[in-house]
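If you're matching them up, the sequences are chains A and B in order.
In terms of this note's numbering, the first sequence has 16 at position 16, counting the first letter as 1, and numbering is strictly consecutive.
Count along the second sequence from 1, then add 260; that gives the number in this note's numbering.
Even glycine gets a Cβ: it sits at the ideal position worked out from N, Cα and C.
Number of protein chains: 2
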Amino acid sequence: MAPTVSFLLIIFISTISYISSESVIRFPSEKDLSGRFHKVRAEDDLYCDSWRLAVETNNIGPWKSVPARCVNFVAKYMGGERYSSDSKVVGKVSSAFAESVELDGDGRDAWVFDIDETLLSNLPYYENNGFGKEIFNETSFNDWVDKAEAPALAASLDLYNELLELGFKIFLLTGRSEHQRNATETNLLLAGYDKWERLILRGSSDQGKLAIIYKSEKRAQLVEEGYRIHGSSGDQWSDLWGHAVASRSFKLPNPMYYIP
Amino acid sequence: MAPTVSFLLIIFISTISYISSESVIRFPSEKDLSGRFHKVRAEDDLYCDSWRLAVETNNIGPWKSVPARCVNFVAKYMGGERYSSDSKVVGKVSSAFAESVELDGDGRDAWVFDIDETLLSNLPYYENNGFGKEIFNETSFNDWVDKAEAPALAASLDLYNELLELGFKIFLLTGRSEHQRNATETNLLLAGYDKWERLILRGSSDQGKLAIIYKSEKRAQLVEEGYRIHGSSGDQWSDLWGHAVASRSFKLPNPMYYIP
Numbered sequence: 001m002a003p004t005v006s007f008l009l010i011i012f013i014s015t016i017s018y019i020s021s022e023s024v025i026r027f028p029s030e031k032d033l034s035g036r037f038h039k040v041r042a043e044d045d046l047y048c049d050s051w052r053l054a055v056e057t058n059n060i061g062p063w064k065s066v067p068a069r070c071v072n073f074v075a076k077y078m079g080g081e082r083y084s085s086d087s088k089v090v091g092k093v094s095s096a097f098a099e100s101v102e103l104d105g106d107g108r109d110a111w112v113f114d115i116d117e118t119l120l121s122n123l124p125y126y127e128n129n130g131f132g133k134e135i136f137n138e139t140s141f142n143d144w145v146d147k148a149e150a151p152a153l154a155a156s157l158d159l160y161n162e163l164l165e166l167g168f169k170i171f172l173l174t175g176r177s178e179h180q181r182n183a184t185e186t187n188l189l190l191a192g193y194d195k196w197e198r199l200i201l202r203g204s205s206d207q208g209k210l211a212i213i214y215k216s217e218k219r220a221q222l223v224e225e226g227y228r229i230h231g232s233s234g235d236q237w238s239d240l241w242g243h244a245v246a247s248r249s250f251k252l253p254n255p256m257y258y259i260p
Numbered sequence: 261m262a263p264t265v266s267f268l269l270i271i272f273i274s275t276i277s278y279i280s281s282e283s284v285i286r287f288p289s290e291k292d293l294s295g296r297f298h299k300v301r302a303e304d305d306l307y308c309d310s311w312r313l314a315v316e317t318n319n320i321g322p323w324k325s326v327p328a329r330c331v332n333f334v335a336k337y338m339g340g341e342r343y344s345s346d347s348k349v350v351g352k353v354s355s356a357f358a359e360s361v362e363l364d365g366d367g368r369d370a371w372v373f374d375i376d377e378t379l380l381s382n383l384p385y386y387e388n389n390g391f392g393k394e395i396f397n398e399t400s401f402n403d404w405v406d407k408a409e410a411p412a413l414a415a416s417l418d419l420y421n422e423l424l425e426l427g428f429k430i431f432l433l434t435g436r437s438e439h440q441r442n443a444t445e446t447n448l449l450l451a452g453y454d455k456w457e458r459l460i461l462r463g464s465s466d467q468g469k470l471a472i473i474y475k476s477e478k479r480a481q482l483v484e485e486g487y488r489i490h491g492s493s494g495d496q497w498s499d500l501w502g503h504a505v506a507s508r509s510f511k512l513p514n515p516m517y518y519i520p
């Protein structure tokens, strides 16, 4: 064999041998070579994952928009398998709790659901509106609500149907307003929800109230009517905390916006 | 050039060209070839990350030990940069809130800290005890407490010192018992904590109470004494919820154990 051939063979074999020694090898891409891109992304991912946890545990407190450095992270999270998996696990633990409840059978065993980012997903809207980067725009969101096109959150639809089978009465308690009743009902039915006991929307006397106050008052009314609120599902702590809280509250993930 | 050389060159160049087209390439390693190892690990990581979120948001409710499939995940999380980053972000948002509080300056502005997995880290103990895989063993944990060797959680030590500088009175409210007072004080001092207003441990009348009850009662006593509890930091919801709660509560991460 000519020396050139031997030389090339040695390079080739040692390259392949190096490649095979690890399952994943990183080679410089254009982006790597262009500078700090990957380092910054990795640091952002670490920080933004911690920011997201602090949002979900309510450590952050009130916030108006997703931090600029976390917008890509949130977009990736919401569109990827993590959001879906996180929602599914919440659905499973809710369902395990529901199965453990001894229902009285008097028609007063209740479960309360929030709607947006709980039963319905507004991800198609937020995909076109910066994934929480922009401050909430009521006009454009209301236009989206009127379209009645929001898909169901798959994990919540499964839970909803199981609760009905178990015999729970389902109450839908939303921050949406009375004038959105028709669009909301249409959307829920199109998304596969059915047989709710009552859909509670903000009436004229509820306007301007913090969600945590408005929702607590409505739950208190249900308790006064004799309902036992065993479970409550929502993506905001203001769906769940306050007074007349459920025996068990289930917080669905939502790193896109905050409602006080 | 001889045909053999040309042939080898073409293979070599096309291999390198393929490698360069993406920044990360996966080649089969022994583990990949051996079967489902990587797939199972990836599925476990996705599930266990969702399980951890459900723990941190208290969706899971009471649990006795880390699920078997998540023990490796928890070990990796606790020992890696994510636990450290998550704790740091909680410290930063706590500190931002503390700076926003207008202190009265009458010596009644209070902050309440839990101790274990809040001020002190028992990670060296849990590293030797399965990272939450095993059900809590009071005897071996008490032996560890007596050693007074737990290091500070770095993020909490920074917050603690800033709170002192801002003028907060610091109360340490722990589920540890009175007989552990000396070991606890020694450990806190060795870890760098100093100048607390009061260290509150379980007395004989507190034994057997749920943590959420015991801690609520002790906070209520502070409020009766005229303290305004602006902030509270703990790794368990039972450190933070109940009654006489702080104006703002900060939940530190802990996927290793649950205290009701």
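Shown here, W111(A) sits in a strand according to DSSP, grouped into three states. V66(A) and K133(A) do touch by the CB rule: their CB atoms are close to 5 Å apart, below 8 Å. Annotation: S325(B) is outside any beta strand (DSSP E) and is labelled neither H nor E by DSSP. Judged by DSSP secondary structure, L426(B) falls within the alpha helix (DSSP H) whose first and last residues are 414-426.
The segment 46-63 of chain A and the segment 104-116 of chain A do not touch, with fewer than three beta-carbon pairs separated by less than 8 Å. For K195(A), the closest of K169(A), E81(A), V223(A), K76(A) by C-alpha to C-alpha distance is K169(A).
Between L153(A) and S121(A), the C-beta spacing is below 8 Å. In this structure, the straight-line span from the alpha carbon of T139(A) to that of V145(A) is close to 10 Å. Taken atom to atom, the span from the alpha-carbon of N332(B) to that of A480(B) is near 40 Å. Taking C-beta separations shorter than 8 Å and ignoring five residues to either side along the sequence, the partners of R181(A) in its chain run L199, L201, following chain order. Under a criterion of Cβ atoms nearer than 8 Å, the residues of chain B adjacent to F97(A) are, in order, G321. Chain-order list of chain B residues neighbouring P67(A): empty, with the shortest C-beta distance near 11 Å, by a criterion of under 7 Å.
Nearest CB-CB separation between S50(A) and chain B: below the 8 Å threshold.
Comparing C-alpha distances from E43(A) to each of W63(A), D143(A), H179(A), C70(A) shows the shortest one belongs to C70(A). In the three-state scheme derived from DSSP, where H, G and I count as helix and E and B as strand, H179(A) is classed as helix. Under a 10 Å Cβ-count criterion, P384(B) is classified as exposed, with fewer than 16 other Cβ atoms of the shown protein chains found around its own Cβ.
With contacts defined as CB atoms closer than 8 Å, L46(A) and R312(B) fail to qualify as a contacting pair.
Around the beta carbon of L482(B), a 10 Å sphere encloses 16 or more other beta carbons of the protein chains shown; the residue is thus reported as buried. DSSP, read as helix, strand or coil, puts F396(B) in coil.
For L433(B), no CB of chain A lies under 8 Å from its own CB, so it is not counted at the interface with that chain. In the displayed model, K195(A) falls within coil according to three-state DSSP, outside both helix and strand. Here L173(A) is buried. Its C-beta has 16 or more other C-beta atoms within 10 Å. When secondary structure is reduced to three states using DSSP, G502(B) falls in the coil class, being assigned neither helix nor strand.
Taking 8 Å as the Cβ-Cβ cut-off, the segment 338-352 of chain B approaches chain A at E341, R342, S345, D346, K348, V349, V350, given in chain order. Chain order gives the chain A residues near K511(B) as T57, N59, where near means a beta carbon separation below 7 Å. Annotated as distal: G226(A) and A246(A), with beta-carbon spacing of 8 Å or more. Looking at the DSSP output, S232(A) bridges to V112(A), S249(A). Going by DSSP, G91(A) is part of the alpha helix (DSSP H) stretching over 81-100. For M78(A), the closest of G203(A), P260(A), A110(A), P253(A) by C-alpha to C-alpha distance is P253(A). Under the three-state reduction of DSSP, T174(A) is assigned to strand. In the structure shown, K209(A) falls within a coil segment according to DSSP collapsed to helix, strand and coil. If you look at L383(B), you'll find it in the alpha helix (DSSP H) that goes 383-387.
The alpha-carbon separation between W237(A) and F396(B) amounts to approximately 30 Å.
Relative to the Cα of G367(B), the nearest Cα in the group L419(B), E425(B), M516(B) belongs to E425(B).
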